[in-house]
Amino acid sequence: MTRTTLDLYQKYRLQQVVNASGTFTPLGVSRSPEQVCEAVSAALRNYFIIDELQQVASDAIAEYSGAEAAAVTHCAAAGITLSIAAVMAGGNAEAVNDLPHRPPSNNDVVIPGTHVVNYGHEITQDIRLCGAYPRIAGDLEHCDLNTLEAALSKDNIACLLLVSSRLVRDQSLDINIAMELAHQRNIPVIIDGAAQDMRITELLDSGADLVVCSAHKYLAAATAGLIIGNKHHVDAALAHNKGIGRAMKATKEAIIGVLAALEVRRQLNFEQWSESQNKKVADFVAVANRIDGITARTQMDPAGMPIKRVVLEVNAIGFGMTARQLSEKLVGMQPPIYVMNHELDNSNLVLEIQTLERHELTQILESIRDSGR
Ligand SMILES: *Cc1c(COP(=O)(O)O)cnc(C)c1O
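Mapped onto this note's numbering, the consecutive letters of the sequence shown carry residue numbers 177 to 549.
Have a look at this one:
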């Protein structure tokens with residue numbers, strides 16, 4: 177932890193937090209590398225022509241992803257809304273002025289019910305924000321390809337699909353076939369790949385018209401979202417910055433932060449990074465397995481990012497409390513320790529420790545050990 181960070185905690189009497197729950201918005205999402213912090217700080221001291229920044233970012237993201245063009249927006253949520261605005265209304269001045277007023281017919285965005293996630297708010301609100309209407313295929317628990325196909329009609333303005341580890345209810349819908357079904361009807365496909373910044377090329381290659389990505393998650397830029405894909409749609413999305421996008425705009429420091437984060441990513445030695453991540457996780461699992469009542473193992477990120485998680489199975493009798501009780505106890509500690517809670521009913525705590533420092537890992541392991549019998 178840097179000295180400046182420490183000062184903020186002291187100066188404003190803030191709690192320090194151990195975040196083992198991944199790129200979680202209520203906890204500040206990510207830790208940016210020094211190169212990003214410096215670039216953002218420099219950006220804040222100066223004026224820029226924002227259109228020029230957007231163009232430079234578009235070129236850099238295009239080079240990184242193989243896409244035709246890209247736009248930076250406030251966040252991925254904004255990216256979803258502006259992408260839909262772009263494919264629904266195009267970017268002409270009249271449409272830009274009019275949104276979000278749209279007639280309640282032929283402005284449907286189809287989304288599989290199983291992809292209706294709540295990542296802080298329900299994703300259907302991103303659709304409604306620009307005046308489009310969510311048309312949910314199937315229900316929250318089930319949507320197979322037949323159900324999706326039945327919901328698609330040539331009048332739909334877009335099909336919104338998720339590639340996300342948040343699809344914890346049912347991940348079985350084949351995205352590639354889903355995209356094909358939409359394209360057969362000339363419906364553009366927008367993929368919300370908020371945490372998929374290492375897989376953008378793959379998602380574009382599989383046929384997505386636009387991929388929306390969060391720049392502050394694993395890419396660890398300052399707060400920003402990316403809209404990536406064909407130039408026609410990206411330009412239309414940018415045009416809406418003079419309309420509903422005003423409240424969703426990317427700032428100078430955000431765009432510079434994206435550029436710096438892409439540079440860091442380009443310089444990353446992936447093999448070396450993977451190796452050190454694997455060792456970190458393996459060491460943690462080995463120590464955790466020595467705690468009575470805990471069985472630890474690793475698990476790959478379920479949405480395909482090359483990130484290993486730690487799963488701690490809590491044997492309530494052997495350990496002395498349930499997984500849920502342990503999670504609550506950890507949050508009550510000083511500093512609070514946050515883990516992922518989506519597997520508590522299966523007696524599992526899931527942890528993402530990739531960005532944590534050694535003393536934080538020790539803190540987690542000791543806190544768990546001290547909580548048991
Ligand atoms: C985090 C997330 C978002 C929102 O990303 P922001 O950049 O914070 O707006 C959208 N969709 C999914 C699936 C997410 O996980």
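Ideal Cβ positions, reconstructed from N, Cα and C, are used throughout, including at glycine.
If you're wondering where the values come from, they're calculated on a predicted model, not measured in any experiment.
Item: Alpha carbon to alpha carbon, what distance is there between Val486 and Ala492?; Value: 18 Å
Item: Just list the residues that DSSP pairs Ala249 with in beta bridges.; Value: A small fix is needed here, since residue 249 is Thr in this sequence, not Ala. For Thr249, which the question treats as bridged, DSSP gives the partners Gly401.
Item: Let me check understanding here. Comparing Cα to Cα, which of Ser523, Tyr240, Met264 lies closest to Pro364?; Value: Met264
Item: Considering only their Cβ atoms, is the gap separating Lys428 from Ala254 smaller than 7 Å?; Value: no
Item: Whose CA, out of Ile432, Asn222, Leu527, lies closest to the CA of Gly401?; Value: Ile432
Item: Are Leu435 and Ala236 touching if we call contact CB-CB under 7 Å?; Value: yes
Item: Looking at the secondary structure, which residues open and close the alpha helix (DSSP H) in which Ser241 lies?; Value: 226-241
Item: Can you tell me where the beta strand (DSSP E) holding Ile570 begins and where it ends?; Value: In the structure as shown, the chain starts at 177 and stops at 549, and residue 570 therefore has no counterpart that could be examined.
Item: I want to check one thing, is the minimum distance from the CB of Gly377 to the heavy atoms of ligand 1 below 6 Å?; Value: Before going further, note that residue 377 is Thr rather than Gly in the sequence given. Checking the Cβ of Thr377 against ligand 1 gives no.
Item: Flag this pair as yes or no: are the beta carbons of Val388 and Ala479 separated by less than 7 Å?; Value: no
Item: Which residues in the same chain have their Cβ closer than 6 Å to the Cβ of Gly369, if we skip the five residues on either side of it in sequence?; Value: Val339, Leu379, Val387, Cys389
Item: With Arg500 as the anchor, note down where its beta strand (DSSP E) starts and where it stops.; Value: Segment 499-507 is the alpha helix (DSSP H) holding Arg500; no beta strand (DSSP E) there.
Item: Any idea if Ala423 is buried or exposed, counting beta-carbon neighbours within 10 angstroms, 16 or more meaning buried?; Value: exposed
Item: Take the Cβ of Thr474 as the centre, count every other Cβ of all protein chains shown within 10 Å, and call the residue buried at 16 or more, exposed below.; Value: exposed
Item: What span of residues does the beta strand (DSSP E) with Ser390 cover, start to end?; Value: 386-390
Item: Beta carbon of Ser390: closer than 6 Å to some heavy atom of ligand 1?; Value: yes
Item: Taking contact to mean at least 3 C-beta pairs separated by less than 8 Å, is the stretch 281-294 in contact with the stretch 321-338?; Value: yes
Item: For Lys418, which residues of its own chain have a beta-carbon under 7 Å away from its beta-carbon, when the five flanking residues on both sides are left out?; Value: Val272
Item: Could you tell me the boundaries of the beta strand (DSSP E) in which Val293 lies?; Value: No beta strand (DSSP E) contains Val293, which DSSP labels as neither H nor E.
Item: Report the rounded CA-to-CA distance for Ala412 versus Ala262, giving the unit in angstroms.; Value: 5 Å
Item: Cα-Cα, which of Leu506, Val490, Arg534, Asp546 is closest to Leu520?; Value: Val490
Item: Which value, in whole angstroms, describes the spacing of the CA atoms of Ser523 and Thr498?; Value: 7 Å
Item: Near Ala556, what residues of its chain come up, given a Cβ to Cβ distance below 7 Å and the 5 sequence neighbours on each side ignored?; Value: Lying before the first or after the last residue shown, residue 556 is absent from the chain, which here runs from 177 to 549.
Item: So, at 8 Å on beta carbons, what are the nonlocal neighbours of Arg375 in its own chain, with the 5 sequence-adjacent residues on each side left out?; Value: Val339, Gly369, Gly480, Met481
Item: For ligand 1, any of its heavy atoms closer than 6 Å to the Cβ of Ala253?; Value: yes
Item: Taking DSSP's pairing of strands, which residues face Met516 in a bridge?; Value: Val526
Item: When the Cβ atoms of the stretch 238-247 are set against those of the stretch 450-460, are three or more pairs found closer than 8 Å?; Value: no
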